[in-house]
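Following: one structure in structure tokens, then a few remarks.
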Amino acid sequence: MAIDSAVTAYSPGQVNRFTRVGPGKSKDLLVAALFLVPAFAFLIVFVYFPTVLAFVLAFFNYHPGGSMQWAGVSNFTEAVKDSVFQRALLNSLYYAAMMVPATLVLSMAIALLINRVAKFYSFVRVLITLPYVTPAIGTAIGWLWIYNPSFGVANTILHWFHLPPSQWMGSPKMAMPAVVIYALWHGIGFDVIILLAALSGLPKGVLEAAIVDGARGWTRFFRVTLPLISPTVFFIVVVTLIGSFQAFSQMFALSVSSGGPEYATTTALLYIYQQAFQYGQMSYGAAMAVFLVVGIFLLTMITRWIGNRVVFYQ
Amino acid sequence: MLAARRIRRLLRGVIALAIGLVFLLPIYITLTTSLDTPAHVFTYPPHFLLDFNWSVWVQTWKENDWLLYILNTVVIAVGTIAIAIVTTVLAAYALSFIPFRGQAVVFSLILLVLMIPSETFLIPNFVTMAKLHLVDTRLAQILPYGATAFGIFLLRQFFLSLPRDYWEAARMDGCGHLRFLWSIAVPLCRPVLFVIVLDIFIGCWNSLLWPLMVTNSPKSQPIEAALAQYLTQNSSDWQGLSAAAMFATIPMIILYIIFQRHIVRGISRGEGIRF
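Heads up: the protein sequence lines correspond to chains A and B, in order. For the first sequence, the residue numbers in the numbering used here are 1015 to 1328. For the second sequence, the residue numbers in the numbering used here are 24 to 298.
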């Protein structure tokens, strides 16, 4: 399901390149309809209808098991004025601003390194991608221990480099970077895998021609390799960006559900969850979700617009 | 010259291996913490060796219903897989082997699902579950994932890659769609189905937000949500927490070691959605 959110970035392009859609026989139409009914039954009840309902709910005051009262735009105005929600949106933005470049650089470095390692290639790939399939809370517990100010490994490492110890998840300043480090560890395997797939699919001839022409090291990387894999790189940017705004488990786990210290790790989705399910403010949560979703949608559009101008599609 | 190149290659291998081990370290630390003798837990610098003191594991396992949580997770995963595979196979087949008017529109509706962030429908789905009196049931965690747009997309892609001649030949012999689907298309697409099954299983095992919303008692809680609750209640019992974390993590590690080829293939195929 992690992959599901990954593909939200891509809109229907040329849909039917392969099937020739001619006027089918009426019997075919019947069979097709029967085959499509089960899937669409679920999609209508649990995706299409609730998407509409999400917008409707935001205009009412709904209480679980209780009534619905018209609330106009009051939920929206309340959200705009809510200083914690503003903080949460900024936190999400801050998280995304750290995650996107860090993911890109780190995954590229790792992929380039292990791509040329014949010896332990598959073993190293397994180790790096393992965290990606492990549960977030399960692994965050280990990281909470690593970040423990008195006994954790994180401060031991700082000590090796003669740096002052940090409070990590106890410090409003360091908490979000600490979440980012954890999130990179947890998620980078996904990016490394698709980069490795892109690198292995590079046309050999082009690379050899570049070598013959004397393109070396970094020149070859920036002039030949990077343009060739730019669609994949762009894919990673979009997926990481959207994923950052959807981040929940990471902050929930490392802040032990609080979003603290001092709201430092309260991201938009975590705040929506807290309001809707810990304080029962369903409609208020729905109104904030509308803001978040519209924001994600606009961001996707902007990124796509930029991508279409920058990315080199063969 | 040749020796220098060999040394450089070896060096690169060693660096790669070191990075790989760094990625393993946090899980290893969780393991050592859970197996430490009490004297070794609170030491500085940290103690890195395995003590194999299983008493915390036994105690943590006994004091909470972990087996029930794992069972819940498996029931939810198997239920989701059973429903999703049927809906996926049928829909993907209709969208690739049966030409009908409006196919492109129907397919765009599937792609639309991939574009809607899941946060949109979490709260409304809770409202639906409340209306259906399904809050705090395992069924409430199965139904919303009964159809997977990603799976339909992936399988349709595969069906389209099959030669049309198969269907033409089968039809000549008087074979209908249902028969063709069951005896030819499904056996051929088993590897893709397996990728989808793994994706759903891992997704169910690791899912947190929706279970936190829709469950509130152990009878329906899956492992990750139960662990989250355990964490908020025992946030200073490091050894117990680490042992519980291992209960949730080890099955995924084993699954990954066995099926890593399939999982990696699933991830790199997922990228094929860009076109």
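Note that beta-carbon positions come from the ideal geometry of N, C-alpha and C, so glycine has one too. Keep in mind that this is a model prediction, so the values were computed, not measured.
Taking 8 Å as the cut-off, decide whether the C-beta atoms of residue i and residue j are in contact.
| i | j | result |
| --- | --- | --- |
| W1199 of chain A | P1145 of chain A | yes |
| D88 of chain B | P241 of chain B | yes |
| M275 of chain B | V1147 of chain A | yes |
| L264 of chain B | I1155 of chain A | yes |
| G125 of chain B | D222 of chain B | no |
| V1247 of chain A | L1044 of chain A | no |
| T96 of chain B | D74 of chain B | no |
| I104 of chain B | V237 of chain B | no |
| V1193 of chain A | Q1264 of chain A | yes |
| A268 of chain B | G1309 of chain A | no |
| F71 of chain B | T55 of chain B | yes |
| F1060 of chain A | L166 of chain B | yes |
| W80 of chain B | P1149 of chain A | no |
| T1329 of chain A | M1113 of chain A | This structure does not reach residue 1329 of chain A, given that chain A is present from 1015 up to 1328, and the question cannot be answered. |
| Q1288 of chain A | G1273 of chain A | yes |
| S119 of chain B | L201 of chain B | no |
| S243 of chain B | T151 of chain B | no |
Pull up the DSSP beta-bridge partners for residue i, would you.
| i | result |
| --- | --- |
| M1082 of chain A | A:Y1076 |
Between which two residues does the alpha helix (DSSP H) harbouring residue i extend?
| i | result |
| --- | --- |
| C227 of chain B | 213–229 |
| G125 of chain B | Segment: none, G125 of chain B is in no alpha helix (DSSP H) and carries neither H nor E. |
| Q82 of chain B | 78–86 |
| I139 of chain B | That residue, I139 of chain B, is in no alpha helix (DSSP H); it is neither H nor E in DSSP. |
| Y1146 of chain A | 1135–1147 |
| D159 of chain B | Note, D159 of chain B: premise wrong, no alpha helix (DSSP H); not H, not E. |
| L72 of chain B | Segment: none, L72 of chain B is in no alpha helix (DSSP H) and carries neither H nor E. |
| W233 of chain B | 232–237 |
| M1188 of chain A | Careful: M1188 of chain A lies outside any alpha helix (DSSP H) and carries neither H nor E. |
| M1183 of chain A | First-last for M1183 of chain A: undefined, no H or E at that position. |
| V1167 of chain A | 1167–1174 |
| R179 of chain B | 172–184 |
| V1105 of chain A | The amino acid occupying residue 1105 of chain A in the given sequence is Asn; Val does not appear at that position. Segment 1097–1129, the alpha helix (DSSP H) holding N1105 of chain A. |
| E191 of chain B | 187–195 |
| V1051 of chain A | 1040–1057 |
| R29 of chain B | 25–58 |
| N95 of chain B | 89–117 |
| T1233 of chain A | 1231–1234 |
| Q1264 of chain A | 1263–1268 |
| F1249 of chain A | 1244–1259 |
| E247 of chain B | 246–256 |
| E1222 of chain A | 1218–1226 |
| F1063 of chain A | 1063–1071 |
| R202 of chain B | 200–203 |
| F1305 of chain A | 1296–1324 |
Look at the alpha carbon of residue i and the alpha carbon of residue j, and state the distance between them as a whole number of angstroms.
| i | j | result |
| --- | --- | --- |
| R29 of chain B | L1127 of chain A | 16 Å |
| P291 of chain B | A1211 of chain A | In the sequence on display, residue 291 of chain B carries Ser and not Pro. Straight-line Cα distance between these residues: approximately 7 Å. |
| L1404 of chain A | F65 of chain B | Here chain A has residues from 1015 to 1328 only, and residue 1404 of chain A is not among them. |
| F1012 of chain A | G1219 of chain A | The question about residue 1012 of chain A has no answer, for chain A in this structure spans 1015 to 1328. |
| P1115 of chain A | F1326 of chain A | 20 Å |
| I281 of chain B | Q252 of chain B | 30 Å |
| M1190 of chain A | W205 of chain B | 51 Å |
| A1278 of chain A | I1058 of chain A | 38 Å |
| L145 of chain B | Q262 of chain B | 34 Å |
| I1320 of chain A | A1267 of chain A | 34 Å |
| S1040 of chain A | A1046 of chain A | 10 Å |
| L113 of chain B | Q1260 of chain A | 31 Å |
| P186 of chain B | A192 of chain B | 11 Å |
| L9 of chain B | N148 of chain B | The structure shown does not extend to residue 9 of chain B, since chain B is modelled only from 24 to 298, so the question has no answer here. |
| N239 of chain B | A266 of chain B | 23 Å |
| I1250 of chain A | D1205 of chain A | 7 Å |
| V1021 of chain A | S1081 of chain A | For V1021 of chain A, the predicted structure reports a pLDDT of 39, less than 50, and the residue's modelled location is therefore unreliable. A value from the coordinates is still provided. Rounded to whole angstroms, V1021 of chain A to S1081 of chain A spans 37 Å at the Cα level. |
| Y92 of chain B | F1090 of chain A | 38 Å |
| A170 of chain B | K154 of chain B | 21 Å |
| P1037 of chain A | M1122 of chain A | Because the pLDDT of P1037 of chain A is 46, which lies under 50, any placement of that residue in the model is unreliable, and the number read from its coordinates should be weighed accordingly. Their backbone Cα atoms lie some 48 Å apart in a straight line. |
| N1105 of chain A | E1276 of chain A | 12 Å |
| T110 of chain B | A1300 of chain A | 29 Å |
| A1303 of chain A | L33 of chain B | 51 Å |
Regarding residue i and the ligand GTP, is the C-beta to nearest heavy atom distance less than 7 Å?
| i | result |
| --- | --- |
| G1321 of chain A | Absence of the ligand GTP is noted for the structure shown, with no ligands found whatsoever. |
Which of the residues in the region 1108–1134 of chain A, read from start to end, lie with their CB under 8 Å from any CB of chain B?
I1124, L1127, I1128, R1130, V1131, A1132, K1133, F1134
Residues within the region 51–62 of chain B neighbouring chain A, beta-carbon criterion of under 9 Å
Y51, I52, T53, L54, T56
Taking beta-carbon pairs under 7 Å, can you tell me which members of the region 1287–1318 of chain A lie near chain B?
Y1287, A1290, F1291, M1296, G1299, A1300, A1303, L1306, V1307, I1310
Below 7 Å between beta carbons is the criterion; list the residues of the region 197–214 of chain B that meet it against any residue of chain A, in chain order.
H200
Can you give me, in chain order, the residues of the region 1144–1160 of chain A that have a beta carbon less than 9 Å from any beta carbon in chain B?
L1144, P1145, Y1146, V1147, T1148, P1149, A1150, I1151, G1152, T1153, A1154, I1155, G1156, W1157, L1158, W1159, I1160
Cβ-based contacts, 7 Å cut-off: residues of the region 92–109 of chain B near chain A
Within the region 92–109 of chain B, contact with chain A at the beta-carbon level (separation under 7 Å) is assigned to V109.
Of the residues that make up the region 228–261 of chain B, which ones have a beta carbon closer than 8 Å to any beta carbon in chain A?
W228, N229, S230, L231, L232, L235, M236, I246, E247, L250, A251, L254, T255, S258, W261
Near-chain A residues of the region 118–148 of chain B (beta-carbon distance less than 7 Å), N- to C-terminal order
S119, I121, P122, F123, R124, Q126, A127, V129, F130, S131, L134, V136, L137, M138, I139, P140, S141, E142, T143, F144, I146, P147, N148
Give me the subset of the region 24–47 of chain B whose CB atoms are less than 9 Å from a CB atom of chain A, sorted by chain position.
R32, L33, R35, G36, V37, I38, A39, L40, I42, G43, L44, V45, F46, L47
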